[in-house]
Amino acid sequence: MGINHRISRREFCGAGAATAAALAFPLPAFAQAAARVIVIGGGFGGASCARALKAIEPKLQVTLVEPNKTFTACPFSNNVIAGLRSIEAQQFGYDKVAAAGVTVVAQAATAIDAAARTVGLADGTSISYDRLVLSPGVDLRFDALQGYDEAAAAKMPHAWKAGEQTLLLRKQLEAMDDGGLVVIAAPANPFRCPPGPYERACLIAHYLKTKKPRSKLLILDAKDTFSKQRLFQNAWKELYPGMIEWVSLSQGGKVNAVDAATNTLITDFGNHTAQVANVIPPQRAGRIAEIAGATDKTGWCAIDPVTFESKSAPNIHVIGDACLAGAMPKSAFSANSQAKTCAQAIATLLSGGSPATPKLINTCYSLAAPDYGISVAGVYQPKNGLLADVEGAGGVSPADAPREFRAREADYAQSWFSTVTAEVFG
Amino acid sequence: MKARCVAVAIATVMASASPVLAASEPPPGAAACSGCHTSGAASASVSRLYGRNADEIMTAMTGFRDGSLPATVMNRIAKGFSDDELRAIAAWLAAQK
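As you go down the protein sequences, you meet chains U and X in turn. With this note's numbering, the residue at position 132 of the first sequence is 132, and numbering never jumps. With this note's numbering, the residue at position 69 of the second sequence is 1069, and numbering never jumps.
Quick look at the structure:
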């Protein structure tokens, strides 16, 4: 029934008639027998979406295009940096995704022809789709901070994609003498994992307090406010007094340039030379989104909040960190939540229906210490073309909670990671 | 044209009555639950919701929402849903294996 899944929404009335006519005859293999969905990117968004598509409609031909054989998860990678967790605990393969009926193609997607609906692969072959999902995550902008290019990142790690960079930052902290200065440069919004730099500050401080107590940690920030700010600042005072200093944008915290040769970070107000420099640069949607014509001038992807279909590239849906999801933060939880909503919408569209208005949820935990968790949560619905907060819902953990409450949230954080990785990769 | 639109209406009704879709399509918000509440083997800290009694889920959610039941994060999430939405979510979760 190829004709039914190649229709556009404009052709819906006519195709609906064809569908109705088809139903008048006994055709057992009616529903989307051959509809093809390609998902690019095997992280929390893409792998979730591929599996959800297959679970919702087993007849769909679902292909996941992801060049890495092993996925290294970012959530909890700050624990690896702090020496609290092994990198192996962050790593997952795609065997179970394949066993669920998804065709896993271990290649990079290098080209997209939106008119012909094909994806070009690194080996020169191409595959066709009826609907395409992009979940490429972020690319780090190596053109945004003067002096911060890929070579500089080998000296001043970003550790904002988990893997080698995570281990590099860990090694540098281990090699640092007691009394050293660690500097984290945090970017302006939007970027992957808004509370991430501040959780990282906490967990690095946890390591320093235990092993190198005369050391200091400086956060140079391109913002004046940040996620879970009051909770983090209270935790810094309570757990790491005198160790962490935060310099906001208006206090001159924005890093404009770096000198990797001397490990120096340069702001309008002066230079800071670090023993360990963690530079988290500005970001944009993964490159394939731009190739697909799905990015706007911000470098991110505007989407329809019901279907996650690109506002500029028809039949192409964008989920996860790469999309502009309104009030939803760029988190693994958001990506997983969006993936399931997007999969349902695609299955409905391919069967000729109209997707229902969704509600989405995000919950992000951060650890201020291994037994001290804090969270932000939100509920979202489409409003004025964006995903907006449902008023009255969501928010952060209470500021005055007892330590037992923080311990419970730390436990829930661990539990979330086990559960979501089992759902996506297990 | 008139005949076509009648045909569309029939097709739409038949699509929504499709048993596959009816059994699996979660109501708004429900698909997100399994991010924390496992759909697989039970976890130590966070309860499994699939197959739970719908009234129990509804009682818990309304209790979280009005603050009569203690919670860390579910109070903040429950406030985002109406009674009707919660009932639909509870019924769907109860129907999952």
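Don't be surprised by glycine CBs; every beta carbon is placed ideally from N, CA and C. Note that the structure is predicted; figures quoted are calculated from it, not measured.
Nearest candidate by alpha-carbon position, reference residue i, set the options
i, options, result
"Pro314 of chain U", "U:Asp113, U:Thr63 and U:Lys340", "U:Asp113"
"Leu121 of chain U", "U:Val65, U:Gly83 and U:Thr72", "U:Val65"
"Lys254 of chain U", "U:Asp304, U:Ala186 and U:Lys228", "U:Ala186"
"Ser397 of chain U", "U:Asn234, U:Ala159, U:Pro329 and U:Ile127", "U:Asn234"
"Gly41 of chain U", "U:Pro58, U:Gln61, U:Leu53 and U:Phe71", "U:Phe71"
"Thr273 of chain U", "U:Leu217, U:Arg403 and U:Arg284", "U:Leu217"
"Ala82 of chain U", "U:Ala205, U:Ser250 and U:Ile291", "U:Ala205"
"Ala1095 of chain X", "X:Ser1045, X:Asp1055, X:Ser1043 and X:Cys1036", "X:Asp1055"
"Leu360 of chain U", "X:Lys1097, X:Ala1060 and X:Glu1085", "X:Glu1085"
"Gly179 of chain U", "U:Ala50, U:Val276 and U:Trp246", "U:Val276"
"Ala1032 of chain X", "U:Ala332, U:Ser77 and U:Ile346", "U:Ala332"
"Thr63 of chain U", "U:Gln338, U:Ala289, U:Gly270 and U:Ala106", "U:Ala106"
"Lys427 of chain U", "U:Thr341, U:Ala289 and U:Ala175", "What is shown of chain U runs 1 to 426, which leaves residue 427 of chain U out entirely."
Endpoints, the beta strand (DSSP E) within which residue i is located
i, result
"Cys364 of chain U", "Leu360 to Ala369"
"Tyr380 of chain U", "Tyr372 to Lys383"
"Ile244 of chain U", "Ile244 to Val247"
"Gly270 of chain U", "Gly270 to Thr273"
"Ala347 of chain U", "Premise fails: Ala347 of chain U lies in the alpha helix (DSSP H), Ala332 to Leu350, not in any beta strand (DSSP E)."
"Asp389 of chain U", "Leu386 to Asp389"
"Leu265 of chain U", "Thr264 to Thr267"
Boundaries (first-last residue) of the alpha helix (DSSP H) holding residue i
i, result
"Arg403 of chain U", "Arg403 to Phe425"
"Glu430 of chain U", "The requested residue 430 of chain U does not occur in the structure, where chain U is confined to residues 1 to 426."
"Arg287 of chain U", "Arg287 to Ile291"
"His1037 of chain X", "Run containing His1037 of chain X: none; DSSP gives neither H nor E here."
"Asp259 of chain U", "Run containing Asp259 of chain U: none in the alpha helix (DSSP H); it sits in the beta strand (DSSP E), Val255 to Asp259."
"Thr1062 of chain X", "Ala1054 to Asp1066"
"Asn475 of chain U", "In the structure as shown, chain U starts at 1 and stops at 426, and residue 475 of chain U therefore has no counterpart that could be examined."
Interface flag, residue i vs chain U, CB-CB below 8 Å
i, result
"Lys968 of chain X", "Residue 968 of chain X is absent from the model: chain X starts at 1001 and stops at 1097."
"Gly1035 of chain X", "yes"
"Gly1067 of chain X", "no"
"Ala1031 of chain X", "yes"
"Ala1038 of chain X", "Before going on, a small fix: residue 1038 of chain X reads as Thr here, not Ala. It does; some Cβ of chain U falls within 8 Å."
"Thr1072 of chain X", "yes"
"Arg1052 of chain X", "no"
"Arg1076 of chain X", "yes"
"Glu1056 of chain X", "no"
Cβ-based burial, residue i [other Cβ within 10 Å; buried from 16]
i, result
"Ser86 of chain U", "exposed"
"Ser375 of chain U", "buried"
"Thr225 of chain U", "exposed"
"Phe44 of chain U", "buried"
"Trp416 of chain U", "buried"
"Asn336 of chain U", "buried"
"Asp130 of chain U", "buried"
"Ser1034 of chain X", "buried"
"Ser1068 of chain X", "exposed"
"Arg214 of chain U", "exposed"
"Thr125 of chain U", "exposed"
"Lys297 of chain U", "exposed"
"Phe191 of chain U", "buried"
"Ala322 of chain U", "buried"
"Gly373 of chain U", "buried"
"Asp221 of chain U", "buried"
is_contact[residue i, chain X] using C-beta, thresh 8 Å
i, result
"Gln283 of chain U", "no"
"Leu27 of chain U", "For Leu27 of chain U, the predicted structure reports a pLDDT of 42, less than 50, and the residue's modelled location is therefore unreliable. A value from the coordinates is still provided. Judged by the 8 Å Cβ criterion, Leu27 of chain U is not in contact with chain X."
"Arg131 of chain U", "no"
"Phe226 of chain U", "no"
"Lys237 of chain U", "no"
"Gly147 of chain U", "no"
"His5 of chain U", "Its pLDDT being 42, under 50, His5 of chain U is placed unreliably by the model, and nothing is read from it."
"Gly196 of chain U", "no"
"Trp300 of chain U", "no"
"Lys340 of chain U", "yes"
"Gly320 of chain U", "no"
"Gly395 of chain U", "yes"
"Gly426 of chain U", "yes"
"Tyr412 of chain U", "yes"
"Gly2 of chain U", "A caution first: Gly2 of chain U carries a pLDDT of 38, below 50, which makes its placement in the model too unreliable to give a value."
"Phe308 of chain U", "no"
"Ile303 of chain U", "no"
"Val379 of chain U", "yes"
"Trp160 of chain U", "no"
"Asn336 of chain U", "yes"
"Leu386 of chain U", "no"
"Gln61 of chain U", "no"
Neighbour flag for residue i against chain C, beta carbons, 8 Å
i, result
"Ser1043 of chain X", "Among the chains of the structure shown, chain C does not appear; the protein chains present are U and X."
Please give me, in chain order, every unbroken run of the beta strand (DSSP E) with length at least 3 that falls completely inside the region 55 to 130 of chain U. 61 to 65, 70 to 72, 91 to 93, 103 to 105, 109 to 113, 118 to 121 and 126 to 128
Note down, one range per segment and in chain order, each alpha helix (DSSP H) of at least 4 residues found wholly within the region 126 to 166 of chain U. 150 to 153
Quick one: complete alpha helix (DSSP H) runs, 4+ long, within the region 171 to 228 of chain U? Complete alpha helix (DSSP H) runs here, min 4: 196 to 211.
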